[in-house]
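Asker:
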Amino acid sequence: MKQRILFFFLLILLLGTFLRIYHLDQESLWSDEPHSLHHAQQPTLSQVIQDTNQYEFYAPPFYYLLLHYWIEYTGDGLFTIRFFSAIFNIISIFLVFLIGKKLFNSKTGLLAALLFSLSIVEILYAQEIRPFAFFSFLVLLSTYSYLHIIKNKKTLHYLIYFLSSLAMIYTLPFGFLVLFFQNFYLLFNYQTHQNKFKPWFTTQFLLFLFFIPEIPNTIKMYRQNYLLKLTVLVEKYHFPTILQNHLFTTFLLLITIIFFLILTFTFRKQIRQFLKNFNFQKYRSVFLLLLISIGFAYYVLTPFLTRSIFFTRYTLFIMPFIYLLLAAGITKLQKPIQFLVILAILLLCVHTFTIYYPETTKEDWRGTSNFVEQHAQPTDTILLCSWGFAFQYYFTKENKVISSKSYPTFTKIQSEIQNKNYWLIYSTAHRLTPICQEILKQNQPQLEQNFYQMKVLYFTNSQPI
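Each residue of the sequence shown is one higher than the one before, counting from 2 in this note's numbering.
1. May I have a chain-ordered list of the beta strand (DSSP E) segments no shorter than 3 residues that lie completely inside the stretch 360-410?
2. Are three or more beta carbon pairs between the stretch 401-415 and the stretch 361-377 nearer than 8 Å?
3. Alpha carbons only, please: which of Asn54, Ser407, Ser405 is nearest the one belonging to Thr219?
4. Work out the CA separation of Gln4 and Ser37 for me, nearest whole Å.
5. Taking the beta carbon of Phe209 as the centre, do at least 16 other beta carbons fall within 10 Å, making it buried, or is it exposed?
6. Where do the ends of the beta strand (DSSP E) carrying Lys333 lie?
7. What residues are listed by DSSP as bridge partners for Lys470?
8. Would you grab the beta carbon distance between Leu30 and Tyr427 for me? Rounded to a whole angstrom, and I think it's under 8 Å.
9. Can you look up Tyr171 in the DSSP assignment and give me helix, strand or coil?
10. If you measure from the beta carbon of Tyr395 to each beta carbon in chain C, is any gap under 9 Å?
11. Quick one: what does DSSP say His434 is sitting in, helix, strand or coil?
12. Pick from Ile356, Phe452, Gln183, Asn196: whose alpha carbon is nearest that of Gln205?
13. Is the distance from the Cβ of Tyr324 to the Cβ of Phe10 below 9 Å?
14. Tell me whether His39 is buried or exposed, calling it buried when 16 or more other Cβ atoms sit within 10 Å of its Cβ.
15. For the 8 Å Cβ check, are there 3 or more pairs between the stretch 134-144 and the stretch 86-106?
16. What is the DSSP secondary structure of His40, reduced to helix, strand or coil?
17. Can you list, in chain order, the residues of its chain with a C-beta nearer than 6 Å to that of Thr361? Leave out the 5 residues immediately preceding and following it.
18. How about Phe211 and Leu167: do their beta carbons lie closer than 9 Å?
19. With Asn54 as the anchor, note down where its alpha helix (DSSP H) starts and where it stops.
20. State whether the stretch 122-129 contacts the stretch 156-173, with contact taken as three or more CB pairs (one from each stretch) at a distance under 8 Å.
21. In angstroms with no decimal places, state the Cα-to-Cα distance between Pro379 and Gln450.
22. Got a sec, what are the start and stop residues for the alpha helix (DSSP H) Pro200 sits in?
23. DSSP three-state call for Phe105: helix, strand or coil?
24. Using only the alpha-carbon positions, how far apart do Trp388 and Ser404 sit?
25. Which residue from Ser165, Lys398, Leu433 puts its Cα closest to that of Ala377?
26. Just verifying my parser: in three-state terms, what is the DSSP assignment at Glu28?
27. What separation, rounded to the nearest whole angstrom, lies between the Cα atoms of Val457 and Gln447?
28. Helix, strand or coil for Ala114, going by three-state DSSP, please let me know.
29. Quick one: grab the DSSP three-state call for Ser120.
30. When burial is assigned at 16 or more other CB atoms within 10 Å of the CB, is Val179 buried or exposed?
31. With DSSP run on the structure shown, which of helix, strand or coil describes Arg21?
32. Can you give me the C-alpha to C-alpha distance between Thr109 and Glu364, rounded to a whole angstrom?
33. Pull up the distance between the alpha-carbon of Arg314 and that of Ile130, whole angstroms please.
34. For Ala329, count neighbouring Cβ atoms within 10 angstroms of its own Cβ and tell me buried if that reaches 16, exposed if not.
35. For the alpha helix (DSSP H) that Leu183 lies in, which residues bound it at each end?
36. Name the residue from Leu207, Asn444, His431 whose alpha carbon lies nearest to the alpha carbon of Val32.
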């Protein structure tokens with residue numbers, strides 16, 4: 002039986018590995034990938050941290066520090082850089098199996114690992130130079146060691162838990178949601194796990210101590226990203242003016258937390274009685290459902306706090322737990338129905354692969370850069386309607402390359418392009434900067450070339466600026 006399980010697991014692992022490294026460097030750098038590369042390629046560690054804090058509004062620097070060393074030892078080829086994310090997503094297949102086996106049984110673990118390995122969402126972020134696949138791996142490792150901790154008190158499990166959890170909160174701030182859930186679950190199992198409270202809360206205290214250096218940047222991120230968008234929300238729906246004050250909204254949040262704690266303390270006897278009568282061992286799925294509910298709550302609030310509800314990357318770490326619940330549900334079905342459900346999932350996955358792998362799905366910065374490199378004269382200026390890190394990764398000529406984001410007004414950029422031939426490059430997937438809009442309004446391009454989600458325009462110095 003064990004050999005059979007091992008055989009199927011290795012088959013799933015090989016399949017997942019193949020799907021993550023196949024066409025790994027087929028498409029060019031896109032979206033925020035160039036930002037990761039720009040952070041990691043800074044010459045010193047202090048500059049990596051400084052660059053991360055400048056351009057990233059939600060990510061501490063740990064991932065980029067690791068990527069810095071990875072590039073230093075493996076090179077800056079696109080395959081090797083993306084392989085850094087792929088490795089951790091491949092290891093995650095193993096962790097999903099182990100968690101499924103520990104919570105349910107080997108069959109559930111195998112099925113969850115299969116769903117994870119075939120998931121197009123997981124493959125997409127495994128092939129991207131961003132911290133989300135790495136963060137998901139850390140969440141799984143933290144969760145797996147946590148499951149061992151609540152069963153026994155081995156020092157090794159505490160050490161793995163501490164290191165993985167510390168790396169987790171130093172990679173993305175959403176790691177605190179996972180820590181909150183872990184503490185919440187342990188407190189609600191007070192009667193069962195009270196002998197573990199001292200080492201557990203010592204570990205939590207150490208995590209807080211080690212995170213202190215990052216607290217100023219976290220507060221800065223909170224103010225710039227979330228409170229700013231909360232202010233916009235308040236203005237949009239005409240809430241009282243006082244709510245538009247950052248200090249007041251923070252105070253309101255703290256008051257809410259304190260009220261919740263007071264309420265819990267007041268009804269502590271009733272809560273204890275409820276916990277005493279409720280058999281958590283009988284409902285293992287509660288562990289997963291609580292974690293998913295936290296992620297779902299965040300996902301629902303996302304459109305109010307950010308620009309789009311489709312920020313799948315922020316909740317990628319929830320997906321493995323959904324696969325585990327789905328796998329647990331499928332194994333409860335009758336065998337003929339199990340077969341049909343798994344077959345339907347496999348066919349759906351194959352269909353997504355026929356779209357994802359053969360077709361271009363990402364901005365073609367590589368094709369854009371090659372085209373400009375072939376046609377640009379040495380005196381031509383190249384103006385990018387973005388930071389342009391992806392363009393500069395591919396472009397090898399000595400032409401002057403400038404970004405519209407480096408110039409506050411249209412007047413400031415005039416001196417750079419006035420009486421010169423210049424190229425204007427932008428992604429059609431993103432909104433144009435005001436400066437680029439002004440240039441397009443006032444000038445007629447002599448040449449226009451389209452690539453996937455990209456546009457290249459050429460202007461001559463005979464036109465008015």
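In this text, a Cβ means the ideal position worked out from N, Cα and C, and glycines have one as well. Just so it is clear, the structure is predicted and the values come from calculations on it, not from any experiment.
Answerer: On the basis of the data shown:
1. 382-385, 401-404
2. no
3. Asn54
4. 42 Å
5. exposed
6. No beta strand (DSSP E) contains Lys333, which DSSP labels as neither H nor E.
7. In the structure as shown, the chain starts at 2 and stops at 466, and residue 470 therefore has no counterpart that could be examined.
8. Leu30 to Tyr427, Cβ: 15 Å. No contact.
9. coil
10. This model lacks chain C altogether; it includes just one protein chain.
11. According to the sequence provided, residue 434 is Thr. The question's His does not apply to it. It is coil, neither helix nor strand.
12. Gln183
13. no
14. buried
15. yes
16. helix
17. Tyr453
18. yes
19. 46-56
20. no
21. 20 Å
22. 198-212
23. coil
24. 6 Å
25. Lys398
26. coil
27. 11 Å
28. helix
29. coil
30. buried
31. helix
32. 38 Å
33. 12 Å
34. buried
35. Rather than Leu, the amino acid found at residue 183 in this sequence is Gln. Run containing Gln183: 176-188, per the alpha helix (DSSP H) assignment.
36. Reading off the sequence, residue 32 comes out as Ser, not Val. Of Leu207, Asn444, His431, the residue nearest in Cα terms is His431.
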